[in-house]
Amino acid sequence: MSPDTHPHHPHSPRSHPSDDARPLTIRRLKWIAFAASLGFVVVLETARHALFPYLTGWGGNLLLDGFVFVATLFFLGGVFDVIERIHLQLERKNRELTALRQAGLLVFSELSEEVVLQKVVDQARQLVATKYGALSVLAEAGGILAFVTSGIDPAERSRIGSPPVGRGVLGVTLHHGHAMRVSELSGHPESVGFPANHPPMKSLLAVPIPCKMPFRGNLYLCDKVDGTPFDANDEATLGHFAVSAAIAIDNAELHRRAGELAASEERLRLAHEMHDGLAQVLAYVEEVEAVSRSIALRKRALQEKVKNARQEESLSERDRALLKHGVRAWVDEILALPPDWQYDPGVAWDEIGIDMLVVDEAAAFKNL
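The structure is reproduced here in structure tokens:
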């Protein structure tokens with residue numbers, strides 16, 4: 021929904037009339053009541069002086085009473101008309117505030133930025149009772165970054181083609197940043213028509229959304245349902261809603277940033293945990309390697325000791341076998357000696373390599 025093709029003229033006038041009715045305040049009502057009372061007295065005195073020649077008898081008095089009665093009816097009618105206008109204004113304001121509150125609650129109930137933008141334009145269209153609505157998100161470098169529509173079904177939107185880029189009538193609000201009312205789009209100096217397959221639109225109401233940076237946007241409404249042109253009350257209503265929408269959009273933006281910050285903190289925490297866990301694993305691996313080296317060294321030392329012990333055991337058994345064999349052979353030779361043999365203290369047994377001392381108990385060997 022955007023007739024935008026040519027860039028706007030920087031001095032294009034605002035497109036809403038300036039002859040809207042002024043709101044009826046208590047101060048104005050007091051002055052109206054005073055002026056009406058004074059006018060009633062003046063009219064009554066003028067009529068009395070004009071009709072004085074005829075005010076004789078009961079007929080004249082009746083005529084004067086009738087005139088006073090009619091004048092009083094007109095005066096009271098004017099007073100009640102003013103009161104009714106005030107009552108209608110209050111009812112309209114109450115309906116507007118109720119609708120603003122309900123629309124604000126629906127918008128504030130969401131935290132997703134995309135959903136919030138869609139609900140903002142939907143509620144704005146229902147609030148002012150229009151056929152079409154749109155919300156533009158402005159890029160930092162200028163132009164329209166995103167364009168959210170309401171009142172146009174997705175199939176019709178796809179047939180229209182690419183969204184507007186921020187030129188033409190829409191560019192006036194984009195670049196000047198003020199509200200705008202256009203009663204006849206085709207007669208606006210910035211309008212160049214609509215693209216193909218675009219639904220026909222006659223009137224436009226546009227207000228900026230006063231969000232904090234970096235978000236900037238505008239609300240657009242086209243064609244009231246009852247066919248009447250947009251007035252100052254519609255502009256004020258949409259302006260009030262734009263303030264609530266700005267708070268909701270800022271809230272959604274803060275929620276998005278908080279989510280990104282929480283995700284970054286979680287990634288940082290996981291990175292620290294992985295780093296600490298990896299350090300613990302490396303320390304454990306180094307400790308296991310040190311213990312493995314110590315066990316290997318002890319194992320080799322133990323194997324060496326076992327080997328030495330086995331060698332010593334083998335040598336000891338060999339020595340004992342040689343000694344036993346040598347002693348047995350030596351005893352056999354002793355037993356084979358003649359009875360009159362005398363020992364020689366210097367006898368040595370060469371086979372076993374041990375010096376032997378022969379004592380004078382040779383007979384004892386016979387019992388071996």
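In our numbering, the protein residues as written are 21 to 388. Glycine included, each C-beta is placed from N, C-alpha and C at the ideal position.
Rounded separation between R276 and A266 - CA only: Each residue's Cα considered, the two are about 15 angstroms apart.
Touching by the beta-carbon criterion (3+ pairs, under 8 angstroms), the segment 240–258 and the segment 288–304: Too few Cβ pairs lie closer than 8 angstroms, so no.
Alpha-carbon to alpha-carbon, H208 and R201: Approximately 11 angstroms, taken between the alpha carbons.
8 angstroms CB neighbourhood of A149 in its chain, flanking five on each side removed: Residues K244, V245, D246 of the same chain have their beta carbon placed closer than 8 angstroms to that of A149, with the five preceding and five following residues left out of the count.
DSSP state of W369 mapped onto helix, strand, coil: Because W369 sits at a pLDDT of 48, beneath the cut-off of 50, its placement in the model cannot be relied upon, and the following sentence gives the value as read from the coordinates. When secondary structure is reduced to three states using DSSP, W369 falls in the strand class.
Within 8 angstroms, strictly: CB atoms of S178 and A154: Using a Cβ distance threshold of 8 angstroms, S178 and A154 do not count as a contacting pair.
C-beta atoms of A56 and G98 nearer than 8 angstroms: Yes, the Cβ-Cβ distance between A56 and G98 is below 8 angstroms.
Collapsed DSSP secondary structure at K386 in the structure displayed: Residue confidence is low: K386 scores 49 on pLDDT, short of 50, so the model does not pin down where it sits. Its coordinate-derived value is still stated next. The answer is helix: DSSP assigns K386 an H, G or I state.
Spatial neighbours of E116 in its chain, beta-carbon cut-off 6 angstroms, leaving aside the 5 residues before and after: Closer than 6 angstroms at Cβ, skipping near neighbours: T257.
Assigned secondary structure, H236 (DSSP; H/G/I helix, E/B strand, else coil): The sequence shown places Arg at residue 236, rather than the His named in the question. The three-state reading of DSSP puts R236 in coil, since its state is none of H, G, I, E or B.
Reduced DSSP secondary structure (H/G/I, E/B, other) of P228: If DSSP states are grouped into helix, strand and coil, P228 belongs with the strands.
CB contact flag (L227, A252, <8 angstroms): Position check: residue 227 holds Val in this sequence, whereas Leu was assumed. Contact flag unset, no.
Length of the line joining the Cα atoms of L241 and R145: Straight through space, the alpha carbons of R145 and L241 are spaced by roughly 7 angstroms.
Simplified DSSP state of D24, which is helix, strand or coil: Residue placement at D24 is poorly supported in this model, since its pLDDT is 48, which falls under 50; the coordinates are not used for a value here.
Backbone CA spacing between L317 and V301 [nearest angstrom]: Going from the Cα of L317 to the Cα of V301 covers about 24 angstroms.
Through-space distance from L239 to F261, alpha-carbon basis: Taking the straight line joining both Cα atoms gives about 10 angstroms.
Among E204, T248, F95, A216, nearest to S3 - alpha-carbon criterion: The structure shown has nothing for residue 3, since the chain only spans 21 to 388.
W51 versus Q143: straight-line alpha-carbon distance, rounded: Answer to the nearest angstrom: the Cα atoms are 39 angstroms apart.
Distance between beta carbons of V157 and G237, contact taken as under 8 angstroms: Indeed they touch by this definition, with Cβ atoms about 5 angstroms apart.
D173, DSSP secondary structure in three states: Three-state result, D173: coil.
Contact under 8 angstroms by Cβ, S223 with F250: Yes, the Cβ-Cβ distance between S223 and F250 is below 8 angstroms.
Separation of L83 from F94, as counted between CA atoms: Whole-angstrom Cα-Cα distance: 17 angstroms.
8 angstroms Cβ shell around F167 - same chain, five flanking residues per side excluded: Around F167: S22, A154, L155, S156, V157, P183, P184.
Unbroken beta strand (DSSP E) run spanning A154, endpoints: Taken as a continuous stretch (DSSP letters only), the beta strand (DSSP E) holding A154 covers 150–158.
K1 in three-state terms, based on DSSP: For residue 1 there is no data in the structure shown, the boundaries of the chain being 21 and 388.
Beta-carbon proximity of A303 to E133, cut-off 8 angstroms: The answer is no: Cβ separation not under 8 angstroms.
Given V192 as reference, the closest of L225, K113, R48, H107 once Cα atoms are compared: Nearest option by C-alpha distance: L225.
Under the three-state DSSP convention, the category F250 falls into: F250: coil per DSSP, three-state reduction.
Continuous beta strand (DSSP E) stretch holding V245: start and end: Careful: V245 lies outside any beta strand (DSSP E) and carries neither H nor E.
Whole-angstrom distance between I164 and S264, CA atom to CA atom: Approximately 22 angstroms, taken between the alpha carbons.
Coarse secondary structure for A166, derived from DSSP in three states: A166: strand per DSSP, three-state reduction.
V311, buried or exposed, once every other Cβ within 10 Å from all chains shown has been counted against 16: V311 sits exposed, since fewer than 16 C-beta atoms from the chains shown fall within 10 Å of its C-beta.
Secondary structure of V305, DSSP reduced to three states: DSSP, read as helix, strand or coil, puts V305 in helix.
Residue burial classification, H29 (beta-carbon count within 10 angstroms, cutoff 16): A caution first: H29 carries a pLDDT of 38, below 50, which makes its placement in the model unreliable, though a value can still be read off. Exposed is the call here.
I269 beta carbon less than 8 angstroms from that of V90: 8 angstroms or more divides the Cβ of V90 from the Cβ of I269.
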